[in-house]
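Structure, as structure tokens:
There are 2 protein chains.
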Amino acid sequence: MTGEDVMGKEVKGNKKLNWPKPYFAVVFTAQRSLSGDDIYEITSDRMMDLAQQQPGFLGVESVRGDDGLGITVSYWRDRDAIRAWRENSEHLIAQEMGRQEFYQWYRVRIAEVTDDHAFFADTAI
Amino acid sequence: MTGEDVMGKEVKGNKKLNWPKPYFAVVFTAQRSLSGDDIYEITSDRMMDLAQQQPGFLGVESVRGDDGLGITVSYWRDRDAIRAWRENSEHLIAQEMGRQEFYQWYRVRIAEVTDDHAFFADTAI
Numbered sequence: 124m125t126g127e128d129v130m131g132k133e134v135k136g137n138k139k140l141n142w143p144k145p146y147f148a149v150v151f152t153a154q155r156s157l158s159g160d161d162i163y164e165i166t167s168d169r170m171m172d173l174a175q176q177q178p179g180f181l182g183v184e185s186v187r188g189d190d191g192l193g194i195t196v197s198y199w200r201d202r203d204a205i206r207a208w209r210e211n212s213e214h215l216i217a218q219e220m221g222r223q224e225f226y227q228w229y230r231v232r233i234a235e236v237t238d239d240h241a242f243f244a245d246t247a248i
Numbered sequence: 124m125t126g127e128d129v130m131g132k133e134v135k136g137n138k139k140l141n142w143p144k145p146y147f148a149v150v151f152t153a154q155r156s157l158s159g160d161d162i163y164e165i166t167s168d169r170m171m172d173l174a175q176q177q178p179g180f181l182g183v184e185s186v187r188g189d190d191g192l193g194i195t196v197s198y199w200r201d202r203d204a205i206r207a208w209r210e211n212s213e214h215l216i217a218q219e220m221g222r223q224e225f226y227q228w229y230r231v232r233i234a235e236v237t238d239d240h241a242f243f244a245d246t247a248i
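And the structure:
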């Protein structure tokens, strides 16, 4: 499973988001290094699965461009859920692998989402 | 200029963000349609330039994947700056073109960023 898959399912399946507001977002922007492709894919897919099993997880959107720049935005019910996920033991190992191997740099932002709106073309699924 | 260029310059040139907290983010997640490539590129580049000229603009990160899914996160000093940008006359026209032509769907979220942190590998530029 890739981030794109998660995104597609999540958004297309939920045109109306019934998420209690405010909810919270983690914006993870990262530049992949040129090494460790296989283990990166395995780790990334595992983290995507694991995140979705966490209490308070609402959804995720993830895109990576050809140049290795990626943005993943995950959505959570509250700040405690984000904290618990950040401190998840398996996730902590993945974070360390990210610093050692996967990323040239990354930036993490925590934000409170207060408004959202969406558009869907008539031709969209 | 592409969003990726903006991103690269913005982040690599500013390891420490001296942005007053809290600042605000607009998370724009969008699925491109298969039409209008040339006019889309022109419009997208123009909006990226124009956004940066707006009062209260702080920065932008933008990625689009091969499947046409994109995430653009723009950062702003306050909610008034976001409102003014949303109502910019040239931007309003681009938004309408987005609905008519460029996107199968999109979702816009407004969020207040309360925390950020970053990692840069020793080998990173």
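Protein chains in written order, with my numbering: chain X, 124 to 248; chain A, 124 to 248.
Positions of the beta carbon are idealized from the N, C-alpha and C atoms, including for glycine.
Keep in mind the model is a prediction, meaning the values are calculated, not measured.
{"Asked": "Contact under 9 Å by Cβ, Y226 (chain A) with A148 (chain A)", "Found": "no"}
{"Asked": "Exposure label - R230 (chain A); buried when at least 16 CB within 10 Å", "Found": "buried"}
{"Asked": "C-beta neighbour in chain A for I70 (chain X), strict 9 Å", "Found": "One cannot answer for residue 70 (chain X) here, as it falls past the ends of chain X, which runs 124 to 248."}
{"Asked": "is_contact[F242 (chain X), chain A] using C-beta, thresh 9 Å", "Found": "yes"}
{"Asked": "Contacts around M170 (chain A), its chain only, beta-carbon distance under 6 Å, and the 5 residues preceding and following it disregarded", "Found": "A217"}
{"Asked": "Inter-stretch contact at 8 Å, needing at least 3 Cβ pairs: the region 184 to 202 of chain A / the region 146 to 163 of chain A", "Found": "yes"}
{"Asked": "Beta carbon of Q177 (chain A) nearer than 9 Å to that of N211 (chain A)", "Found": "yes"}
{"Asked": "Residues that DSSP places opposite T249 (chain X) in a beta bridge", "Found": "Residue numbering for chain X in the displayed model covers 124 to 248; residue 249 (chain X) lies beyond these limits and cannot be assessed."}
{"Asked": "Through-space distance from W208 (chain A) to A153 (chain X), alpha-carbon basis", "Found": "26 Å"}
{"Asked": "For I194 (chain A), the nearest candidate out of A:H240, A:R232, A:K139 and A:D161 (CA to CA)", "Found": "A:R232"}
{"Asked": "DSSP three-state assignment for A207 (chain X), whether helix, strand or coil", "Found": "helix"}
{"Asked": "A241 (chain A), DSSP secondary structure in three states", "Found": "strand"}
{"Asked": "CA nearest to the CA of L181 (chain A), picked from A:A241, A:A234, A:P143 and A:F242", "Found": "A:P143"}
{"Asked": "Residues within the region 150 to 162 of chain X neighbouring chain A, beta-carbon criterion of under 8 Å", "Found": "V150, T152, Q154 and S156"}
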